[in-house]
Structure formats: C-alpha cells, structure tokens
Amino acid sequence: MLKVENIDVAYGDLQVLWDVSFTVQEGELLALLGANGAGKTTILNTISGLLRPRRGSIRFLGEEISRVPGHKLAELGIAHVPEGRRLFPEMTVKENLEMGSLSPEAKKKRKETMEWVYTLFPILKERQNQEAGTLSGGQQQMLAIGRGLMALPKLLMLDEPSLGLSPLLVSQVFEIIQDINRQEITVLLVEQNVMHVLKMCSRAYVLENGRLVLQGSGPELLNNQHVKEAYLGI
Amino acid sequence: MSLFGQTVICGILLGGMYALIAIGMTLIMGVMKIINLAHGALVMVGMYITYVCYKSWGLDPYIGMLIAMPALFLIGCLIQRYMINRLVEVDSILPENQVLLTVGIMLVLTELARLIFKSDYRSVTTGYSSSTFFVGDMSISIPMTVGFFIAMAFTYLLHLFLTRTDLGRSIRATAQDRNAAIYMGVNAPRVTVITFGIGSALAAAGGSLLLPLFYLWPDIGHLFTAKAFIITILGGMGSTMGAIFGGLTLGIAESLGATYISMGYKDVVGLVIFLLVLLFLPGGFKSLTKR
Ligand SMILES: Nc1ncnc2c1ncn2[C@@H]1O[C@H](COP(=O)(O)OP(=O)(O)O)[C@@H](O)[C@H]1O
Ligand SMILES: [Mg+2]
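Chains as they are written, first to last, in my numbering: chain A, 12 to 245; chain B, 431 to 721.
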C-alpha cells in the first residue's frame with residue numbers, strides 16, 4: 012500500500028535520514044520504533060509532504076507522492092495524527108472533527124462518520140461544544156485520533172499517541188488503535204513504547220540515528236537480543 | 431449630562447466602524463503572524479474608490495462601498511499572492527522583512543493616490559452628511575448611526591462565515607496551527623490569499639462608512655493603520671470580540687478627548703491609552719478575562 016524506497020531527508024544542511032526503505036501492507040498494523048531523535052517524526056512528515064526527500068521515492072497505492080503538496084494527501088487517503096496532538100485549541104471539539112473531513116468524499120459522509128467517532132469516543136460527544144484546548148491530555152489524544160478518522164483514511168499514521176498519558180490511558184489508547192485496525196484501516200504507528208507496541212503490531216521496523224536497523228514480526232523482535240538490550244532493558 | 435451622553439454615544443458609533451477596520455487587520459495578523467502596516471493605506475484606497483464613484487457617477491457612499499469592497503478584495507488577494515507569499519517561500523527572509531514589504535506597499539499606494547488625486551483634502555457631502563436625530567436632548571449623527579449598524583452587520587456576517595463554513599474554519603485553523611491545517615488538507619497558501627482579500631475588503635468597508643464623516647487625503651492611511659494597531663493591541667491579537675471592545679474603547683476615548691480636552695488632541699488620547707495598555711496590560715483586555 013505504501014512503499015518508501017531509499018529516502019534521504021535533511022533539514023537544510025543537516026541530514027537526519029539515510030537510505031530509509033520500508034513498506035506498509037494493506038490492513039496491517041505496522042510499527043516504527045526508535046528512541047527520541049531517531050527520525051521517526053521526520054519520516055511521517057516526509058510522507059505527509061511537509062518535507063521533501065533529497066533522494067528516493069514514496070509510493071502510495073502505486074502513485075508517486077514525494078512531490079505532491081502536503082494538503083493533497085488527506086484527499087488521497089492518508090491521515091496524519093501528529094506528535095503532540097496539534098489540535099486547534101480555540102476551536103470546539105466538533106469543529107476540530109469537522110476540520111478532519113474537508114475532502115469532498117469525507118465531507119459527504121461527515122455526519123455518519125462523526126457518529127461513528129462518537130461511538131468510539133463517547134466522551135467527545137459529551138464535550139462536543141467545548142474548546143479543544145480545555146480538554147485533558149487523554150481526551151485531546153482521543154480527539155486527535157478522531158479527527159484523523161474523520162477523513163475516512165485508507166492509511167492512518169499515528170505519531171507517539173501514548174506520549175504524556177498515564178499507563179491506564181496508554182492501554183486504553185492502544186486498545187482503541189487495535190480496534191480501528193480491525194475495522195480494516197491500515198495503521199502506521201510510531202512509538203517509543205517498545206514493549207507494549209511489539210505485543211500488538213503485525214510487524215515493526217527499528218530506527219536508530221536515521222537508519223532502519225531491524226525489522227520483523229512482533230514476537231521475533233521481542234526475542235531479538237539487540238532489542239532486548241537496547242529497548243527492553245533485559 | 432446630555433453632552434456627556436452624546437459624546438459617549440458618538441464614541442461608540444465611531445468605535446464600531448474603527449473595529450471593522452481593525453478586525454480586517456487582526457484577521458490577517460492571525461493567519462500571517464505579521465503586522466500589516468499597509469492596512470491603513472488599503473482603507474485609504476477603498477475610500478478613494480468610493481469617492482470616485484460618488485464624484486463620477488453620483489453614487490451614494492453606501493453603494494460605492496459595494497464596489498470598493500470587491501475591488502479591495504482583489505487587490506488584497508494579489509498583494510498576498512504575488513508579493514507576500516513570494517517572500518514567505520524564501521526561507522532566508524525573516525518575518526520582520528515581510529513587515530518591511532508591507533511598509534513598501536503602503537508607500538506605493540499612498541504615493542499613487544497622491545499622483546492621481548494630489549494632496550488636496552476632499553470630502554463627500556450627501557443630503558444626510560450633517561443630519562441628526564434626537565434621543566431626549568442628545569443629538570446623534572445619522573451617518574454615524576447608519577455606519578455603526580452596517581459595521582456591526584458585517585462583523586456578524588464575518589462571524590457566521592468563520593464559524594459555519596469549511597473555508598471560514600480553515601482560516602481559523604490555519605491561524606491556530608498552520609502545519610496541522612495542512613495535515614487536514616487545507617491549502618494554506620490559498621487560505622492566506624483569501625484571508626488577505628477579506629481583510630482588505632473589510633478595510634474598504636470601514637473606510638467607505640467613514641467617508642461621509644472624514645476629510646480624505648492620501649496620507650489618511652497612516653491614521654487608520656495607527657488606530658487599527660492600537661485596537662488590535664487593546665483587544666489582543668487575532669480576536670474578533672477583542673477588536674470590537676478595542677474599537678469601542680478607542681472611539682469613546684477619542685470622542686471624550688475631542689469634547690473635553692480639545693478637538694486637536696483626539697488622536698493623542700488614543701496614543702496615550704495605547705501606551706498605558708502596553709505598559710500595564712501587554713496582553714490587551716483579553717488578559718483580564720484569563721485568570
Ligand atoms: N525542524 C527541524 N530542524 C532541524 N533539525 C530537526 C528539525 N526537526 C527535527 N530535527 C532533528 O532531526 C532529528 C530527528 O528528529 P525527529 O524526526 O523529530 O525524531 P523522533 O521523532 O524520532 O524523535 C533530530 O536530531 C532532531 O534534532
Ligand atoms: Mg517524534
């Protein structure tokens with residue numbers, strides 16, 4: 012579904028990604044793991060068209076997207092739930108959700124999709140007329156995911172959705188992500204929470220200092236010596 | 431007592447029209463994060479268009495306004511599309527230099543107006559220019575009242591546009607988090623073009639409403655840039671409600687200053703309030719409501 016091939020990405024003169032290649036298959040829950048500063052967010056922003064790779068290609072459903080302007084990607088079927096949630100703080104919960112469904116396709120089904128999002132996150136319905144900036148951290152994360160779903164995406168990219176949440180909320184959010192994946196939405200999940208994610212993903216890649224160093228299924232990586240030492244502290 | 435009441439009402443009416451100009455400025459400032467120092471010059475251009483409509487075809491300023499607004503919408507879009515966005519694309523140019531660009535635009539517009547219309551003071555005298563009505567023993571200007579209500583109607587329409595339509599919400603979203611708006615599929619450069627157009631059209635509306643009340647000359651733009659800037663600081667940047675409060679405050683202050691100090695000092699009163707707010711309430715009135 013998504014095929015990233017040999018991309019190099021730099022901020023000005025500072026190169027942060029080297030020869031990164033990976034694929035996301037239809038229907039899977041793929042995880043991209045790595046420490047802080049490894050380049051995970053940079054990868055997602057490159058897919059989203061906010062950054063341009065120096066080299067390499069990115070194909071989505073067969074179409075080259077590395078030169079497509081960022082605002083066109085939502086329409087193609089990629090939704091990005093950014094790191095730090097990035098809600099519109101002075102807009103209401105409902106308005107934030109409406110902002111998620113701007114493409115003509117999504118707009119047609121806006122009402123039904125919103126009902127679906129409200130069944131996934133009942134708290135959002137209760138708070139629909141409240142400004143997003145006044146929600147708690149967990150509620151904001153749910154709204155960010157809900158806003159991504161409003162686009163009826165084929166691929167949902169989530170950047171560290173567990174960041175800053177209590178352990179209980181983290182489990183809840185991961186539960187919901189699995190639930191979404193079961194509803195036939197392909198998920199690309201970026202995380203630092205390695206243990207938790209390896210138990211639920213279909214496959215994962217490990218990114219270190221801008222290079223992909225490992226890949227495998229969840230159980231494979233859980234038993235990998237390097238993963239154990241570097242990420243699980245065993 | 432009736433003099434005081436009359437003065438305050440006059441200030442409120444004037445302030446409502448100032449607010450419309452300032453809302454245009456604050457809208458642009460919210461999305462572009464720059465101060466548009468050409469805003470007053472856009473007001474001035476709008477006033478000249480309305481003036482020409484009156485002089486050449488005898489069109490009432492309230493009708494002329496309906497020509498000046500789309501004209502300024504177009505001028506604003508072109509400025510944003512072909513001048514400001516060009517600078518934004520170049521990473522090495524700092525936002526400060528975008529502000530310098532607006533100064534350049536201001537100078538060009540002002541000198542163009544001087545080239546065409548000379549520095550003469552011009553005015554529009556309609557049948558109702560100096561007509562008044564009475565509330566008790568207070569005499570109230572009719573063009574001011576009409577101007578105030580039209581300004582409030584535009585403000586309300588803008589509010590509906592910004593809260594009820596996808597394009598309006600996209601403008602607010604771009605102001606609050608530009609990259610997040612792009613993730614949502616908002617074409618941010620296009621939104622900035624439309625926003626600059628709307629802001630300029632509101633400037634033209636405010637100018638046309640004030641035309642029956644003010645003398646017009648090419649440098650009048652500076653006066654409106656200063657007023658819009660003061661109001662924006664008073665009301666807090668990017669806030670429509672704040673701009674209304676700021677506008678009314680400035681209008682009342684000017685009006686009281688003109689009545690009780692001296693006509694010549696009315697603009698000084700505005701600047702004094704501006705300095706006091708900057709010194710003691712740097713976040714504007716908005717910072718009073720938050721904690
Ligand atoms: N806007 C930027 N300008 C310059 N360097 C950046 C920028 N954003 C990130 N970086 C650098 O790129 C590297 C990768 O960052 P990032 O992709 O955010 O990592 P991660 O998401 O894995 O924590 C880091 O070294 C970071 O300092
Ligand atoms: Mg990151």
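Note that CB positions come from ideal geometry on N, CA and C, so glycine has one too.
Check whether the Cβ of residue i sits closer than 7 Å to any heavy atom of ligand 2, and report yes or no.
i	result
D19 (chain A)	no
E248 (chain A)	Residue 248 (chain A) lies beyond the residue range present for chain A, which begins at 12 and ends at 245; the question has no answer from this structure.
E202 (chain A)	no
E219 (chain A)	no
E195 (chain A)	no
E94 (chain A)	yes
D170 (chain A)	yes
What did DSSP end up calling residue i once you bin it into helix, strand or coil?
i	result
V181 (chain A)	helix
M455 (chain B)	helix
I175 (chain A)	Note that residue 175 (chain A) corresponds to Gly in the displayed sequence, not to Ile. Coil, per DSSP.
Y481 (chain B)	helix
W127 (chain A)	helix
T556 (chain B)	coil
E137 (chain A)	helix
R721 (chain B)	Its pLDDT being 40, under 50, R721 (chain B) is placed unreliably in this model, and the coordinates cannot settle the point.
A49 (chain A)	coil
V27 (chain A)	strand
A21 (chain A)	strand
S685 (chain B)	helix
A113 (chain A)	The residue you asked about is not Ala; residue 113 (chain A) is Leu in the sequence shown. Of the three classes helix, strand and coil, the one that applies to L113 (chain A) here is coil, per DSSP.
G672 (chain B)	helix
Q236 (chain A)	helix
A90 (chain A)	strand
I523 (chain B)	coil
S77 (chain A)	coil
M168 (chain A)	strand
G38 (chain A)	coil
T562 (chain B)	strand
Figure out for me which residue from the options has the closest Cα to the Cα of residue i.
i	options	result
R602 (chain B)	A:T34, A:M102 and A:G50	A:M102
M513 (chain B)	B:P619, B:W647, B:I650 and B:F654	B:P619
F33 (chain A)	A:A46, A:D24 and A:I58	A:I58
L646 (chain B)	B:K657, B:Y551 and B:F704	B:Y551
M447 (chain B)	B:Y690, B:V576, B:V475 and B:N515	B:V576
V482 (chain B)	B:I546, B:G506 and B:L444	B:I546
A611 (chain B)	A:R66, A:L199, A:P178 and A:R97	A:R97
L433 (chain B)	B:T595, B:L686, B:K696 and B:V698	B:L686
Y492 (chain B)	B:G636, B:D649 and B:T689	B:G636
I505 (chain B)	B:I458, B:V520, B:G627 and B:I703	B:G627
A407 (chain B)	B:G454, B:S692 and B:T437	There is no way to answer for residue 407 (chain B), as the model of chain B reaches only from 431 to 721.
R63 (chain A)	A:M125, A:I76 and A:F71	A:I76
E116 (chain A)	A:M161, A:M153, A:V205 and A:Q150	A:M161
L167 (chain A)	A:W29, A:R193 and A:Q236	A:R193
G494 (chain B)	B:S559, B:L508, B:E684 and B:Y478	B:Y478
L176 (chain A)	A:V20, A:P230, A:G95 and A:G67	A:G95
V621 (chain B)	B:A634, B:P642, B:V702 and B:R599	B:R599
I187 (chain A)	A:L154, A:F99 and A:V27	A:L154
M442 (chain B)	B:G666, B:T555 and B:F579	The sequence shown places Ile at residue 442 (chain B), not Met. The candidate whose alpha carbon is nearest that of I442 (chain B) is B:F579.
I156 (chain A)	A:M211, A:L108, A:N17 and A:Q141	A:L108
D586 (chain B)	B:Q606, B:V616, B:M568 and B:L632	Looking at the sequence shown, residue 586 (chain B) is not Asp but Tyr. Comparing Cα-Cα distances from Y586 (chain B) to each of B:Q606, B:V616, B:M568 and B:L632, the minimum goes to B:L632.
M462 (chain B)	B:I451, B:G476 and B:L524	B:L524
L457 (chain B)	B:P712, B:L706, B:I661 and B:K696	B:I661
L590 (chain B)	B:Y695, B:K485, B:M474 and B:T670	B:T670
V79 (chain A)	A:S228, A:L179, A:G60 and A:E202	A:G60
Let me have the residue list for ligand 1: C-beta closer than 6 Å to any non-hydrogen atom, ordered along the chain.
A:Y22, A:L25, A:V27, A:G45, A:N47, A:G48, A:A49, A:G50, A:K51, A:T52 and A:T53
Please list the residues of the stretch 85 to 107 of chain A that have a C-beta atom closer than 7 Å to any C-beta atom in chain B, keeping them in chain order.
So the close ones are A85, E86, H91, P93, R97, F99, P100, E101, M102 and E106.
Return the residues of the stretch 155 to 169 of chain A that lie within a Cβ-Cβ distance of less than 8 Å from chain B, sorted by chain order.
R158 and A162
Which residues, taken in chain order from the stretch 52 to 79 of chain A, show a beta carbon closer than 7 Å to some beta carbon of chain B?
S59 and L61
Cβ-based contacts, 8 Å cut-off: residues of the stretch 602 to 632 of chain B near chain A:
R602, A603, Q606, D607, N609, A610, A611, I612, Y613, M614, G615, V616, N617 and A618
Return the residues of the stretch 555 to 571 of chain B that lie within a Cβ-Cβ distance of less than 7 Å from chain A, sorted by chain order.
none
Residues from the stretch 587 to 599 of chain B in contact with chain A, defined by Cβ distance under 8 Å
T593, D596 and R599
Any C-beta of chain B within less than 7 Å: which residues of the stretch 112 to 126 of chain A qualify?
Residues L113 and S114.
Can you pull out the residues from the stretch 216 to 231 of chain A whose beta carbon lies closer than 7 Å to at least one beta carbon of chain B?
none
Give me the subset of the stretch 193 to 204 of chain A whose CB atoms are less than 8 Å from a CB atom of chain B, sorted by chain position.
Here the close residues number zero.
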